[in-house]
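Structure, as structure tokens:
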Amino acid sequence: MKTTLKQVFLIVLLTISTLSIAQPHGGMGTPPPNKKGNHAEKKQNIEAMKIAFITQKLDLTPEEAQQFWPVYNQYNDKLQELRKKRKAEFKENKDNFETLSDKEVEQIVDSEITFKQKEIDLQKEYHAKYKAVLPIKKVAKLYHAEEQFKRVLLEKLKDK
């Protein structure tokens, strides 16, 4: 079973390196034709790196992986949806913040607290779902791996 996971990890790693080497625009020094497309591509690369990182750190069996990844992807989708709504609200209020009344600012602050509570509620919901498909030690490893990945990603960004 470990050989299969190592093969999956190797395939994901090769895919990531192939994607990061590929240059869809004119090469170095030439600006990308579509900044939004470039952003989406970077996001995909980061997601692929995250999947490979978590897969390696959790050392999932094929059965565990089959049950875990749909739950994890569902959690990420819901989290992204929640964050997208928050970002839209923030963007809407950012430009005219100084002209808002105290009451409107209070609503914005309250909305931020509500967002944080929804995020925690989502984490609690999926913590229970993770425990249903993984041993508790692997659930703990998941949380640790997510934090490690954030640090690795921040270091890469800092180096650029």
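So the sequence shown is numbered by this note's numbering: it starts at 537 and just counts up by one.
Cβ atoms here follow ideal geometry from the backbone N, Cα and C, with glycine treated the same way.
Because the structure is a prediction, the values reported are computed rather than measured.
Please check the pair residue i and residue j, which I expect to be a contact at CB under 8 Å, by giving their CB distance rounded to whole angstroms.
i	j	result
L689	E600	No, L689 and E600 are not in contact; Cβ-Cβ is about 24 Å, not under 8 Å.
L594	K665	That belief does not hold up - the Cβ atoms of L594 and K665 are roughly 15 Å apart, past 8 Å.
L658	K586	Between K586 and L658 the Cβ distance is about 18 Å, and since that is not below 8 Å, they are no contact.
Alpha carbon to alpha carbon, how far is residue i from residue j?
i	j	result
I582	N612	13 Å
T635	L618	27 Å
R687	K639	38 Å
K621	Q603	29 Å
A681	F589	7 Å
Y608	Y679	12 Å
K713	A584	Outside the displayed range of the chain (537 to 696) lies residue 713, so it cannot be described from this structure.
A668	K579	29 Å
Tell me which residue opens and which closes the alpha helix (DSSP H) that residue i is part of.
i	result
K630	598-630
L670	No alpha helix (DSSP H) contains L670, which DSSP labels as neither H nor E.
Considering only the alpha carbon of each residue, which of the options lies closest to residue i?
i	options	result
D646	Y679, F626, E661	F626
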